[in-house]
Structures are given as structure tokens and as C-alpha cells.
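One structure is given below, encoded as C-alpha cells.
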Amino acid sequence: MSDSKTYELYKQRGFAQRVGFGVKPALLIIDFINAFTDLSSPLASNLDAEVEATRQLLTVARQKQIPIFFTTIEYNQGYEDAGVFIKKVPSLAVLKAGSPMIQIDERLHPEPGEHVIVKKYASAFFGTSLWSTLTALRVDTVLITGCTTSGCIRASAVDACQTGFHAIVVEEAVGDRAPGPHEANLFDIDAKYGDVVSLDAALEYLGGLETS
Numbered sequence: 302m303s304d305s306k307t308y309e310l311y312k313q314r315g316f317a318q319r320v321g322f323g324v325k326p327a328l329l330i331i332d333f334i335n336a337f338t339d340l341s342s343p344l345a346s347n348l349d350a351e352v353e354a355t356r357q358l359l360t361v362a363r364q365k366q367i368p369i370f371f372t373t374i375e376y377n378q379g380y381e382d383a384g385v386f387i388k389k390v391p392s393l394a395v396l397k398a399g400s401p402m403i404q405i406d407e408r409l410h411p412e413p414g415e416h417v418i419v420k421k422y423a424s425a426f427f428g429t430s431l432w433s434t435l436t437a438l439r440v441d442t443v444l445i446t447g448c449t450t451s452g453c454i455r456a457s458a459v460d461a462c463q464t465g466f467h468a469i470v471v472e473e474a475v476g477d478r479a480p481g482p483h484e485a486n487l488f489d490i491d492a493k494y495g496d497v498v499s500l501d502a503a504l505e506y507l508g509g510l511e512t513s
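Right under this line is the structure:
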């Protein structure tokens, strides 16, 4: 996160308060797909540490039987559903239907009963069934992991806040292509939209839950 003086200034101005954990969490694993974790892809970066941190959370979430959601991005063969996004980021062309690049990283392979949300844009909420499903499950807290911090993590954290959920971003479990955008967006999320917490804090929270 950014320097302590800036953070203290924000706190003095009424930002960066704690929303805290709620009582009914879900784990949201955003875009840990081959396109972002396989270095042969133009979208990828080294996210091994973040995938491992997410794997630890996933293990405990499964033990506690809390709802688990994965996201991927998939476009049709003609990319009509990619809109202007693909004009801005032509590398999104690797996210074509049927490509192995859109598959969840095998280290985090979804199990039966776990949700896989297909999205087209940055937010896991935009144009998907995520909000309605979380609401039906009476979830109040969304633990967010995945990539990238400056794109899909930030957009999803903002939408989680805007739709009434405690947005909790697990710092060691999110990543980006460069440290500058990563740190700046963690700072902004923590100041305005949700809590950025350590992996240890998230594991302690999950470990203290009663099994659903």
C-alpha cells in the first residue's frame, strides 16, 4: 500500500474507515484463468504467489462450505460481444470461446457445485448473475482474490460496495502486471470501497466460521 503519510491524510479527511467482515461470506476468485497465469499469453504475468494464496483460502472455504465463485472471460468467434473493450486492449483476442486460455488455472480447479461466472468486462457483477445469486444465498461479505488489481479487482470491489456487500480484498491474493498500478489501486480500494486485508486475517476469519 502507499506511504503512511498519505494514508493518514486520507483518514483525517474521513476516508479509509473499516467496513469489517460480515457474517455470511462468499469467496470470489476473479480471472485466475490461463490467459492471465500462463506466461505464453500476452495478458499474463507471474501470479504464482497470488494463486497459492488463493489456493489456501479456497481450501478453507471448501472446508467451511461457504459459496465459491470463479470468473472467466469469454468472447464469441466474431468478438461482437467484446465491444470497444477489444479495441482498447487487442490482447483480449486470446479470450475466444473454446480456447484453453479461458479455462480456470488447474491449481484452482472448480469442484462440482461451485459457480463459474462468465463475464465480458472488468466487473464480475456487470452483465452477470453474480449479484442475484449472492443475494439469494444471503451473502453479505465478498472476499475478493484474483487479477488484475487495477482492472477487474478494482471494478468488482467497487460494484460489491455499490450493491451493498462488504468488499474484502485479500492483499496477497491479488496481483497485477506492475507494482505501481497494483499499489495505487489497493490504496484506492482501501480508502473508498472496501477493506484490504492480509491473507492471515482472511484465513483467521474463515477459520472462525461455523461450517454451513
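Take 302 as the starting number for the sequence shown in the numbering used here and just add one per residue.
Glycine included, each C-beta is placed from N, C-alpha and C at the ideal position.
The stretch 501-509 makes contact with the stretch 346-365; the number of CB pairs closer than 8 angstroms reaches 3 or more. When Q378, T442 and I330 are compared, the shortest CA-CA separation from S424 is found for I330. The criterion of a C-beta distance shorter than 9 angstroms is satisfied by L431 and F370.
Contact between the stretch 316-324 and the stretch 381-396 is absent: fewer than three C-beta pairs spanning the two stretches fall below 8 angstroms. The straight-line gap separating the alpha-carbon atoms of G428 and V352 is approximately 26 angstroms. Residue state for L431 is assigned as helix, using DSSP reduced to three classes. Counting other Cβ atoms within 10 Å of its Cβ, S499 stays below 16 and is therefore classed as exposed. Of the candidates V385, V459 and S400, V459 places its Cα closest to the Cα of G495. In this structure, the CA atom of T464 is about 15 angstroms from the CA atom of L438. Straight-line measurement puts the Cα of Q357 at about 14 angstroms from the Cα of E407.
Nearest in C-alpha terms to T355, of all of E473, P480 and P482, is E473. The three-state secondary structure of F371, taken from DSSP, is strand. By the C-beta density criterion, L487 is buried, having at least 16 other C-beta atoms within 10 angstroms. Using a Cβ distance threshold of 9 angstroms, A503 and I454 do not count as a contacting pair. A check of alpha carbon separations from N377 across D339, P411, K420 and L344 identifies K420 as the nearest.
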